[in-house]
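Chains as they are written, first to last, in the working numbering: chain A, 1 to 524; chain B, 1 to 387.
Using N, Cα and C, we set each Cβ at its ideal position, and we do this for glycine too.
From a predicted model like this one, the values you see are computed outputs, not experimental measurements.
For reference, the structure discussed in these notes is given below.
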Amino acid sequence: MKKNNIVFAAMVCATAAIALTGCQPDNVTPSLPDELVEETYAGGRLGTTFNQSASAFEDPTPAVENAGMVNAFKYGEFFFEHTITQNNPPFNGLGPLYVRSSCEACHPGYGHGRRMERYRADDWANGYLLVVYNKTTDAYETSVAGMPQTKAVPPFKPSIDEDKINIAWLEYTDDWGNRFPDGETYSLIYPEVTIPEDAFYAPLSAPYSQMAFRLESTIGIYGTGLLDAIPDDSLKAQYQKEYDAGVDLNPAIWAGHDWASLYGKTDHPKRFTYALSRGPLQDAAGANAIWNIPNVTRSDRRSHYLSLDKSIYATTASQDPEVQAQFYHYFPQWNKTGDPKTDIYNYLMCDTLPVEMSDQDYVNFMVWHRGLAVPAARNLSDPAVQRGRQLFREMGCATCHRPSWTTGPDLYTDPNGFFSDGDARLPRYPYQKIWPYTDMVQHRLHMVNDIRTGWCRTTPLWGRGLSPICSGHSDRLHDCRARNVMEAIMWHGCPQSDARWTVEKFRQLSKEDRDAVVKFINAI
Amino acid sequence: MKNTCIKTLLLSATLLASASFISCRDENDATLDDEKAAQVAEQFVDHTVAPTYTALANKAEQLASQLAALRLNATDAGVEDACQTFLEAREQWEKSEAFLFGAAGDFGIDPHIDSWPLDEDAFRTLMYESPAMISALDGEDGDVVAGERLGNALLGFHGLEYILFVDGHAKRAADITENEWIYAAAVAGDLRNRCYQLEVGWLGDKAPQSHVDKLDELEMAYTVAGGNYSYGENMKNAGRPGSTYASRIAALMAIVQGCSDIADEVGSSKIYAAWHGEDITYIESPYSQKSIIDFYNNILSIRNTYMGGIEGQRDEEKSLHSFVKSHDAAIDGHVTTAIETALQKISAMPAPFVLHYSEAANGIAVEACSELSDALGEINNMLRELN
Chain A
1 MKKNNIVFAA MVCATAAIAL TGCQPDNVTP SLPDELVEET YAGGRLGTTF
51 NQSASAFEDP TPAVENAGMV NAFKYGEFFF EHTITQNNPP FNGLGPLYVR
101 SSCEACHPGY GHGRRMERYR ADDWANGYLL VVYNKTTDAY ETSVAGMPQT
151 KAVPPFKPSI DEDKINIAWL EYTDDWGNRF PDGETYSLIY PEVTIPEDAF
201 YAPLSAPYSQ MAFRLESTIG IYGTGLLDAI PDDSLKAQYQ KEYDAGVDLN
251 PAIWAGHDWA SLYGKTDHPK RFTYALSRGP LQDAAGANAI WNIPNVTRSD
301 RRSHYLSLDK SIYATTASQD PEVQAQFYHY FPQWNKTGDP KTDIYNYLMC
351 DTLPVEMSDQ DYVNFMVWHR GLAVPAARNL SDPAVQRGRQ LFREMGCATC
401 HRPSWTTGPD LYTDPNGFFS DGDARLPRYP YQKIWPYTDM VQHRLHMVND
451 IRTGWCRTTP LWGRGLSPIC SGHSDRLHDC RARNVMEAIM WHGCPQSDAR
501 WTVEKFRQLS KEDRDAVVKF INAI
Chain B
1 MKNTCIKTLL LSATLLASAS FISCRDENDA TLDDEKAAQV AEQFVDHTVA
51 PTYTALANKA EQLASQLAAL RLNATDAGVE DACQTFLEAR EQWEKSEAFL
101 FGAAGDFGID PHIDSWPLDE DAFRTLMYES PAMISALDGE DGDVVAGERL
151 GNALLGFHGL EYILFVDGHA KRAADITENE WIYAAAVAGD LRNRCYQLEV
201 GWLGDKAPQS HVDKLDELEM AYTVAGGNYS YGENMKNAGR PGSTYASRIA
251 ALMAIVQGCS DIADEVGSSK IYAAWHGEDI TYIESPYSQK SIIDFYNNIL
301 SIRNTYMGGI EGQRDEEKSL HSFVKSHDAA IDGHVTTAIE TALQKISAMP
351 APFVLHYSEA ANGIAVEACS ELSDALGEIN NMLRELN
């Protein structure tokens, strides 16, 4: 993480200075039309960094600096960047099962995971989470976790033996033979994941033949605090607008004129993760991940993340003679009855475990999480970028990749109850115009080997053009099947895709215009 | 720690002072800036990055050889020699931390070779409960097994430091077990491979062929995004098709940001976390007790980057120092003074840090690093206007 420069002041000063000298170079932001100057601040005045280098996804927002939270931010950052150990403080608590031992290993440069040829938890930049589900019902398999673990601390054994997981990348030819009308070609590949039955530690809850396997990659973390600040009623209005326009919407989320479901027991809509499984940020992916990815307990989560039906893993492990033989050696404090089977089961099922992450460390982590700035849009004065911006809107891309939102008072909430509404311990982003390029709604691309259920929330595009610099790759889409922007666009063009009509227009553009669209997407 | 208002005022004054030049630059000025930026980037790649990573790769290679030999015949003198090589390799690594962007970041080499703390429970399990893994580490490809199977919390400098040092001194050979030698030899081999990756990543075909061959044999990536450019070529070709840098000035901004980032990290994380939090667990390099040397070398990496090369290869005419000075002598003065002040204040920290972490001198060093980071930030504000 690195310091955010006081860019707003810099821009004001630069504007003033240029006005004084009476000449305006065409390559500085103040010479842009007001609309584009505004869009340069992708995260609004309180949420944008002008860092364009390798650490561009790592800066604190001006809101963090204004609130005097920089040191808390940096303490929180420690927990994201460092490898979690079993018992070495302050980064302790790893296991008994874990998905990864480090957050950054999945979010390289704080960004999107990289396309991988194999599934190894310890491979750098492997942001993949395995998705194991029943292909008949689309329901997650209950004998493993929603994010299945392939790592364990002794004497425990992982839910899936990762050495047996295979990822094959297969060629795909689209309706147009992977060719534009002017002859330019592109290639498309997609992953086929296989996991043999004997790779599973616990017995499956349904016949193996019903199992399906997918990959879902991490996305960037920056700007999530700003997305959390979008008012609930603005989200609702977006759904209503799309419904009224005849857009197909996920019936599990939207019921015509009102929400079909809300987040948990709250009155807040779902807004985070591809599957829209999470609502307010304070109980969303990051707040969850710092607990369940390394399995580090904290005061409000004093249990371990195991199989969805927790008793399945606990029963299997408690009956495993090898685990029984070693349990008291590694966990002597859990010798409560002298019967390892009973003690293993009780340990794994316990929901009053000792706290491993302090409340203060968790607060710092959430300052960091809510405090990550969005990189400013770049090169908006470039005529090709401006052409791409115009085409992006004209073709209909902006229908789902909605350019901007305005945040509300940001009296954020925490369904978990750890933070009070608008708690002063975390940064806030009231009344900011932001440019995430997402409608926060799920749509379907109907790709081969598509995401579980087929519904996927429109991923924000902001900052993604910096991925090659910040994360070392250009991979896109939920399983990183697109290796660049062009491939990502063309994956939107499958026959049944909600975006097919837009891609048909894109195909008719000249090469110069197609490149302009790509350039624009990389600029925001 | 940082006063935003003061910083804003300084920035405003700087921009107002320089804006007339910046905003009225004609094309000739822009071309000159571009050419000078290309020279600075080339000097940075060839005379700061390249010699640093070459020295690091060579020292890591030497360390791996020494530990492989010690694994067969351990002596006190041999351990002391290995400790010396370890410190020399570590010196080069710390002197590279101003350019953690590029290969170090993209390939995850920084966390792979420099994670801390060591997971002591996992280490004990490995030593006493994992005969199959020990056997694998003892095999011909033990370096590969280590790199792929141990995980970052058991790899890299701090794992080796734990084996070789105790309380700031070299261990006696008799205090290092057979399994620990097997582990150390394998981890040092992995460290060597990763240092090759840094070296080849930046130098490309200018790196020793044997190092390239080793990476090819291990199927380890070393080019930018799997393409044809090395990281050095990528920077030298800034502004041209195929480079990730949109312009030559953008390449300079990346260099400056790297310097700013490590100045900030030394002050506000490496020193501040232990000093302010009075928490010893935040201290890196506790076994060799060389934390302060690490901090000092980190600032030297900034000096080498800013002044146009490592000692002996420096050319200030092709340096950031010269480039910045030609545009704004005040900013350059601020930076050069801040570098020397940070070095002085870190030198004044009482050693070892792990025993003196709460003393006031550490807070003064934190302030000096913050000042340096802020000064470097001024450069990027200036470069942004040139870009």
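- Distance from the CA atom of B/GLU42 to the CA atom of B/THR31, rounded to whole angstroms, is 17 Å.
- Nearest to B/GLY201 by C-alpha distance, out of B/ILE182, B/ASN228, B/ASP141, is B/ASN228.
- DSSP, reduced to helix, strand and coil, places A/TYR133 within a strand of the structure shown.
- When 7 Å is used as the limit between beta carbons, A/ILE469 is near these residues of chain B: THR244, in chain order.
- Here B/TRP275 is buried. Its C-beta has 16 or more other C-beta atoms within 10 Å.
- Listed in chain order, the alpha helix (DSSP H) elements of length 4 or more contained wholly in the segment 419-470 of chain A are 467-470.
- Residue burial annotation: A/THR352 is exposed, with fewer than 16 other C-beta atoms found within 10 angstroms of its C-beta.
- DSSP places B/VAL212 inside the alpha helix (DSSP H), whose first and last residues are 209-217.
- The three-state secondary structure of B/TRP181, taken from DSSP, is helix.
- Note: A/GLU216 is bridge-paired with A/LEU129 in the DSSP secondary-structure output.
- A direct Cα-Cα distance of roughly 7 Å separates A/GLU216 from A/VAL131.
- When C-beta atoms of the segment 33-48 of chain B are compared with those of the segment 86-93 of chain B, fewer than three pairs fall below 8 Å, so the two segments do not count as touching.
- Ranked by Cα distance from B/TYR282, the options B/ILE271, B/LEU87, B/SER288, B/ILE292 are led by B/ILE271.
- One finds nothing in chain B with a Cβ atom closer than 8 Å to the Cβ of A/TYR362; even the nearest lies about 15 Å away.
- The beta carbons of A/TRP368 and A/GLY76 sit closer together than 8 Å.
- For B/ASN381, the three-state secondary structure derived from DSSP is helix.
- Secondary structure of A/ASN166 (DSSP, three-state): strand.
- Not one beta carbon of chain B lies nearer than 8 Å to the beta carbon of A/HIS446.
- A residue is called buried when at least 16 other Cβ atoms come within 10 angstroms of its Cβ; B/LEU215 meets this threshold and is buried.
- In the three-state reduction of the DSSP assignment, A/PHE272 falls in the strand class.
- When secondary structure is reduced to three states using DSSP, A/ARG301 falls in the strand class.
- Listed along chain B is no residue with a C-beta nearer than 7 Å to that of A/LYS310; the closest approach is about 24 Å.
- Boundaries of the alpha helix (DSSP H) harbouring B/GLU129: 120-129, taken from the DSSP string.
- DSSP places A/MET69 in the coil class of the three-state scheme, outside both helix and strand.
- Secondary structure at A/ALA152: strand, using DSSP grouped into helix, strand and coil.
- Taking CB atoms only, B/GLY105 has a neighbour in chain A less than 8 Å away.
- Taking 8 Å as the cut-off, the Cβ atoms of A/ASN449 and A/GLU192 count as close.
- Only residues of its own chain outside the window of five on either side were considered, and among them GLY111, HIS112, HIS473, SER474 have a CB closer than 7 Å to the CB of A/SER467, listed in chain order.
- Within the segment 193-273 of chain A, the runs of beta strand (DSSP E) at least 3 residues long that lie entirely inside it are, in chain order, 211-217.
- By the neighbour-count definition (other C-beta atoms within 10 Å, threshold 16), B/LEU70 is a buried residue.
- By DSSP's assignment, A/MET357 forms a beta bridge with A/ARG298.
- For B/LYS236, the enclosing alpha helix (DSSP H) begins and ends at 231-236.
- Cβ atoms of A/TRP455 and A/PRO436 stay farther apart than 8 Å, at about 19 Å.
- Non-local beta-carbon contacts of A/ALA206 in its own chain, meaning distances under 6 Å to residues more than five positions away in sequence, involve ASN134 in chain order.
- Between A/ASP414 and chain B, the shortest Cβ-Cβ separation is not below 8 Å.
- Separation of A/TRP491 and B/GLY309 (C-alpha to C-alpha, rounded to the nearest whole angstrom) is 47 Å.
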